[in-house]
Amino acid sequence: MLTQRNPGVYEIEDLTGSIEVDLKEATFHKGLFTDGCIMMLEGRSVGGLFRVNAVGLAPVESAKVTRNYFGVTNWFGGEGTVACGSQIRLRTLCERNDRTRFILMSDVWLDDSRILSAINELIFAFTDSQLLAFIICGNFCSQMGTADSYHRTY
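If you want my numbering, it's the position in the sequence shown, counting the first as 1, plus 296.
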């Protein structure tokens, strides 16, 4: 999985650890590559740095096939050790409520009053629907900086 713990410094990680990657010479195959994306990398490790030659997405497979190889491990963090899709309670809830909706938003800049106003309108628009959750992903600030600088500013 590709991660970026510090701006501009990419790492790949799995359950055993992480290693910094150098993507400058990499050839990217077709696809959408994002932070947190599971991908296949070809390259070589040189002094604690993985120099990548080629980047591709993992082949598409069903969740059942993936679980046959990896079990029900939660790869994406949080408190639970079991993947959400493998939890019987969640599966039952989804089957009973097939019209339930999720709203997924990214780059929601909470320091921008126009965006806060739009979020407010969105919440009211879905008040009477079967909306289960708003899922909001970062970046949450329009300007780059440290968390401490945002705390002082806002």
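Don't be surprised by glycine CBs; every beta carbon is placed ideally from N, CA and C. These numbers come from a predicted model, not from an experiment.
Out of Thr-330, Phe-329, Val-348, Ser-409, point me to the one whose CA is closest to Ile-315's CA. Val-348
Inter-stretch contact at 8 Å, needing at least 3 Cβ pairs: the region 297–313 / the region 333–353: yes
Between the CA atoms of Phe-329 and Arg-397 - distance to the nearest angstrom: 25 Å
Helix, strand or coil for Glu-357 per DSSP? coil
Counting only runs of 3+ residues fully inside the region 363–418, write out the beta strand (DSSP E) ranges in chain order. 397–401
Quick one: what's got a C-beta closer than 7 Å to Ile-432's C-beta in the same chain, skipping five residues either side? Met-401, Val-404
Secondary structure of Ala-322, DSSP reduced to three states: coil
Using only the alpha-carbon positions, how far apart do Cys-333 and Phe-324 sit? 14 Å
Would you call Val-378 buried or exposed, if buried means 16 or more other Cβ atoms sit within 10 Å of its Cβ? exposed
Which whole-angstrom value describes the C-beta separation of Asp-394 and Cys-437, a residue pair presumed to lie in contact below a C-beta threshold of 8 Å? Going by Cβ atoms, the distance from Asp-394 to Cys-437 rounds to 37 Å, so no, they are not a contact pair.
Test item: CB-CB of Ile-399 and Leu-427 under 8 Å: yes
Could you check which residue in Glu-357, Gly-327, Pro-355, Lys-320 has the C-alpha nearest to that of Gly-339? Lys-320
For Thr-423, report the span of its beta strand (DSSP E) as first-last. First-last for Thr-423: undefined, no H or E at that position.
Return the CA-CA distance between Ala-350 and Ala-322, expressed in angstroms with no decimal places. 5 Å
Separation of Leu-389 from Phe-430, as counted between CA atoms: 17 Å
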